[in-house]
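**Q** In the working numbering, the protein residues as written are 5 to 284.
1. Going by DSSP, what residue range makes up the alpha helix (DSSP H) through residue 135?
2. What are the start and end residues of the beta strand (DSSP E) that includes residue 58?
3. Assuming residue 239 and residue 254 are in contact, meaning their beta carbons sit under 8 Å apart, how far apart are those beta carbons, in whole angstroms?
4. Under 8 Å between the Cβ atoms of residue 186 and residue 177?
5. When you compare the CB positions of residue 55 and residue 79, do they come within less than 8 Å of one another, or not?
6. Thinking C-alpha only, which one of 263, 262, 261, 215 is nearest residue 45?
7. Using a threshold of 8 Å, state whether the C-beta atoms of residue 104 and residue 116 are closer than that.
8. Decide yes or no for the touch test of the region 131-141 against the region 77-94: beta carbon pairs closer than 8 Å, at least 3 of them.
9. Would you kindly report the start and end of the unbroken alpha helix (DSSP H) that includes residue 178?
10. Starting from residue 232 and walking both ways along the beta strand (DSSP E), at which residues does that stretch end?
11. What would DSSP say about residue 155, mapped onto helix, strand or coil?
12. With a cut-off of 8 Å on the beta carbons, I'd call residue 60 and residue 126 a contact; round off their distance for me.
13. Does the Cβ of residue 203 have 16 or more other Cβ atoms within 10 Å, making it buried, or fewer, making it exposed?
14. Quick check on residue 85: buried or exposed, where buried means 16 or more other Cβ atoms within 10 Å of its Cβ?
15. Looking at the unbroken beta strand (DSSP E) that takes in residue 120, where does it start and where does it end?
16. Quick check on residue 266: buried or exposed, where buried means 16 or more other Cβ atoms within 10 Å of its Cβ?
17. Suppose you measure from the CA of residue 172 to the CA of residue 159; what does that come to, to the nearest Å?
18. So what does DSSP say about residue 52, is it helix, strand or coil?
19. Quick one: what's got a C-beta closer than 6 Å to residue 70's C-beta in the same chain, skipping five residues either side?
20. Rounded to the nearest angstrom, what separates residue 227 and residue 250 at their Cα positions?
21. Residue 225: which of 47, 114, 38 sits nearest, CA to CA?
22. Grab the span of the alpha helix (DSSP H) containing residue 104 for me, first residue to last.
23. Helix, strand or coil, according to DSSP, for residue 242 in the structure here?
24. How is residue 73 classed by DSSP in three states: helix, strand or coil?
25. What is the DSSP secondary structure of residue 217, counted as helix, strand or coil?
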């Protein structure tokens, strides 16, 4: 699951459908032509700019811990909306393709910040899953909104863990202002955003990269004020396996869900009846 959500508590128009060497990589430029070709392949508008990357930028947290992030920004000077992705799996993990996403965002007029979460890979501190995410995320959003390359508008996306589903529901119901426009995307993906698993195939439209155009369109609408009219009319977008198609819904879990229990029996797989020992 991946979410694209708004964070109303951060400074400016912050928006939230995701360990530490002190060495800093030099900025490097990527050609606009390269990303124009990639954009055409993915169904995105033409690239607006080349890309500059600043590696291992240090971001201080309220307790003094420094988290590290790679910052991808348009090569030309200016103030831009920014998008944050935080991950415990390594911001340079080749299986996650964070560099590709970062450069795609940057070539289309956003600053993309990909951050190792606390205690992971190039970031400092102790790794305490879910305990520090709210405060660290808020501190990072504030840092981004205050940078010279930022116009004060910050978005956030990332893997959506099951215990956090209630947070999404609360934001949709209780959030302030545009926070209620948060989005949830549920696809047939592994943590590496892979849709084909062993013998299972879900068709050409199942891949996560196919969701890049609507993700870009959503951020363009809420961070740049550009509405291309392609956004779905509901906050939840999900992939229906078996039918192998995307569907837009108004909530999650679906209000019309019918729950049924399945039980495994030795050498018989899943069945609809309770185990024999429970039937007597």
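From the three backbone atoms N, C-alpha and C, an ideal C-beta is built for every residue, glycine too.
Bear in mind that the values here come from a model prediction, so they are computed numbers and not experimental data.
**A** Inspection of the coordinates gives the following:
1. No alpha helix (DSSP H) contains residue 135, which DSSP labels as neither H nor E.
2. Residue 58 -> beta strand (DSSP E) spans 55-64.
3. In this structure residue 239 touches residue 254 by the C-beta definition: roughly 7 Å separates them, less than 8 Å.
4. With contacts defined by Cβ atoms closer than 8 Å, residue 186 and residue 177 do not form a contacting pair.
5. It is a contact, given that the beta carbons lie within the stated cut-off.
6. Looking at the Cα atoms, 215 is the closest of the given residues.
7. For residue 104 and residue 116, no; Cβs fall outside 8 Å.
8. Enough Cβ pairs lie closer than 8 Å, so yes.
9. First-last of the alpha helix (DSSP H) with residue 178: 169-178.
10. Counting along the chain, residue 232 falls outside any beta strand (DSSP E), and DSSP gives it neither H nor E.
11. Correct three-state label for residue 155: strand.
12. Going by Cβ atoms, the distance from residue 60 to residue 126 rounds to 6 Å, so yes, they are a contact pair.
13. Burial call: exposed.
14. Burial call: buried.
15. Residue 120 -> beta strand (DSSP E) spans 115-120.
16. Exposed: under 16 other Cβ atoms inside 10 Å.
17. Taking C-alpha positions only, residue 172 is separated from residue 159 by approximately 15 Å.
18. Residue 52: coil per DSSP, three-state reduction.
19. Counting only Cβ-Cβ distances below 6 Å, and skipping sequence neighbours, we find 62, 64, 128.
20. Each residue's alpha carbon lies about 25 Å from the other.
21. When each option's Cα is compared against that of residue 225, the closest is 114.
22. 102-111 is the extent of the alpha helix (DSSP H) around residue 104.
23. Three-state DSSP puts residue 242 in a strand.
24. Strand.
25. Of the three classes helix, strand and coil, the one that applies to residue 217 here is helix, per DSSP.
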